[in-house]
Amino acid sequence: MSVGIYVDFLSGALAHRRKYGGGKNQLIAKAVGIKSTEKLFVLDVTAGLGRDAFVLATLGCDVLMCERSKIIYALLEDGLKRAEKEEWFRALSLKLICIDAIDYLQTITETLSPTPTFIPDVIYIDPMFPERTKSALVKKEMRILREVVGDDVDSEKLFQLALTVAKKRVVVKRSALAPTITEDKPDIIFKGSSSRFDVYLTGIRRCIKSN
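What follows is the structure in structure tokens.
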């Protein structure tokens, strides 16, 4: 299959966002709960082209991307290898594995004695939803992504598993007008003009269930 897109962490929109994107004042940073006093381990279970994972890594998070499509994984791996020629990029904690995130989360839940570094503080989910932007490039990329990975028909199962695994919170990215991923309402919502971040505080929810 010939894919007319590639992952570029060093130039274009991502480079501009790294320099001028607003740092920890960005909605994604607030949604994830980034603080200067704590380094978060974020598991991105729907890596896609790695844009949000890259942003989180540049903001100081330890990020692990899960991608089940071998084609998208190859694009990401190529982008990471090309970016590693830059010293500042090598200093980031941005890693990638080719695995179905549901299988990965189930492995965590079945582990009897998980080490602290094995459990993510935050699980980030960006299910495929219709792109509203007028950018021709983004439309092309979204179209190709859909052709490769299809719709995320198992996103609800992924979300429910994420709630049982994440130490602190699960963050779900949605288009601004889209319904929530399930009937379960978010604890916090950070809303922008075209997208929003639904935040589910797992620690609080576990305390409520145990009482």
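Each residue of the sequence shown is one higher than the one before, starting from 388 at the first, in our numbering. All C-beta atoms, glycine included, are put in the ideal place defined by N, C-alpha and C.
Exercise. Between which two residues does the alpha helix (DSSP H) containing F396 stretch?
Worked result: Locating residue 396 in the sequence shown gives position 9, where the first residue counts as 1. From DSSP, F396 is part of no alpha helix (DSSP H); its letter is neither H nor E.
Problem set entry | Pair within 8 Å by beta-carbon distance, K560 and G590 | For the purposes of this step, residue 560 is taken as residue 173 along the sequence shown, with counting starting at 1. For the purposes of this step, residue 590 is taken as residue 203 along the sequence shown, with counting starting at 1. No, these two residues do not count as a Cβ contact at 8 Å.
Problem set entry | Alpha-carbon to alpha-carbon, V429 and S423 | Reading the sequence shown from its first residue, position 36 is the one you call residue 423. Reading the sequence shown from its first residue, position 42 is the one you call residue 429. Cα-Cα distance, rounded: 15 Å.
For this session: Please work out which residues of its chain come closer than 6 Å, Cβ to Cβ, to F505, disregarding the five sequence neighbours upstream and downstream, and give them in chain order.
Result: To locate residue 505, count along the sequence shown from 1; it is residue 118. No residues qualify anywhere along the chain.
For this session: Just the C-alpha distance for T445 and D431, rounded to the nearest angstrom, thanks.
Result: The residue labelled residue 445 in the question sits at position 58 within the sequence shown. The residue labelled residue 431 in the question sits at position 44 within the sequence shown. So the alpha carbons of these two residues sit roughly 14 Å apart.
Exercise. Under a three-way DSSP split, which group does A439 fall into?
Worked result: As a working mapping, residue 439 is identified with position 52 in the sequence shown. Inspection of the sequence shows that residue 439 is occupied by Asp rather than by Ala. D439: helix per DSSP, three-state reduction.
Exercise. Per DSSP, which one or two residues make a beta bridge with I621?
Worked result: The structure shown does not extend to residue 621, since the chain spans only 388 to 598, so no value can be given for it.
For this session: Excluding the 5 residues preceding and the 5 following Q493 in the sequence, name in chain order all residues of the same chain whose CB lies nearer than 8 Å to its CB.
Result: Stepping through the sequence shown from its first residue, residue 493 is reached at position 106. Excluding sequence neighbours, Q493 sits near L548.
For this session: Using alpha carbons as the reference points, say which of L479, L588, Y460, A565 lies closest to Y511.
Result: The count along the sequence shown starts at 1 and reaches residue 511 at position 124. Looking at the Cα atoms, L588 is the closest of the given residues.
Exercise. From what residue to what residue does the beta strand (DSSP E) around I510 run?
Worked result: As a first step, residue 510 must be located in the sequence shown, where it is residue number 123. Residues 509-512.
For this session: Could you spell out where the alpha helix (DSSP H) holding L479 opens and where it closes?
Result: As a position in the sequence shown, residue 479 is number 92, starting the count at 1. Per DSSP, L479 belongs to no alpha helix (DSSP H) and is neither H nor E.
Exercise. Is L467 helix, strand or coil by DSSP?
Worked result: Residue mapping note: residue 467 aligns to position 80 of the sequence shown, counting from 1. Residue state, collapsed to three classes: helix.
Problem set entry | Cα-Cα separation between E471 and A563, rounded to whole angstroms | Walking along the sequence shown from the start, residue 471 turns up at place 84. Walking along the sequence shown from the start, residue 563 turns up at place 176. Each residue's Cα considered, the two are about 34 Å apart.
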